[in-house]
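Counting along the sequence shown from 1, when you hit position 17 you're at 17 in UniProt numbering, and nothing is skipped either side.
We treat Cβ as the ideally placed atom computed from N, Cα and C, and that holds for glycine.
Have a look at the structure below before the remarks.
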Amino acid sequence: MLRPSFDAHVFVYRDSVDMRKSINGLAAIVEAELGHSPMSGALFVFCNRSRDKVKLLYWERNGFVLWYKRLEKHKFKWLAPVVDQEAVSVTGKQLNQLLDGLDIFQQPHQSLFYDNVG
């Protein structure tokens, strides 16, 4: 199976996308909503509302590549949409973990720091 390299530059689009969109529709989202060039070589990841399908779009030298994965039973772990943040940058390794079903967006407990007051 083909997978993105661990050092790939990846943007995960937070909002749900109609999976009927193909290359042109997804490239328009990348330009209009994310403010990136779809021909930058970065991977752009999109998910549908029910979170059982993802599409990855990227430019490879002389044309677009579109990957599509549909889960038969489970759902992808995804971030909720946020008004002022359209996409989240992740590593290629994190993208592979996301495709494997892991929750890469889970935040650890916040670190606590105490001042030595004396």
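Run through the region 16 to 103 for me and flag every whole beta strand (DSSP E) of 3 or more residues, listed as ranges in chain order.
43 to 47, 53 to 60, 63 to 70 and 87 to 91
Give a yes or no on contact between the region 11 to 23 and the region 64 to 79, applying the rule of three or more CB pairs nearer than 8 Å.
yes
Using beta carbons (cut-off 9 Å, strictly below), is L66 in contact with chain C?
Among the protein chains of the structure shown there is no chain C, as only one such chain exists.
Please determine, among H36, S40 and N48, the residue with the shortest C-alpha to C-alpha distance to R20.
N48
Helix, strand or coil for F6 per DSSP?
coil
Out of L112, Y58, L56 and A32, which one is the CA nearest neighbour of D86?
Here the sequence assigns Glu to residue 86, which means Asp is not the residue at that position. It is A32.
Mind checking who Y13 pairs with in its DSSP beta bridge?
A87
Thinking just about the alpha-carbon of each residue, which of H74, G92 and M39 is nearest to the one in N62?
M39
Let me know if F113 comes out buried or exposed under the rule of 16 or more other beta-carbons within 10 Å of its beta-carbon.
exposed
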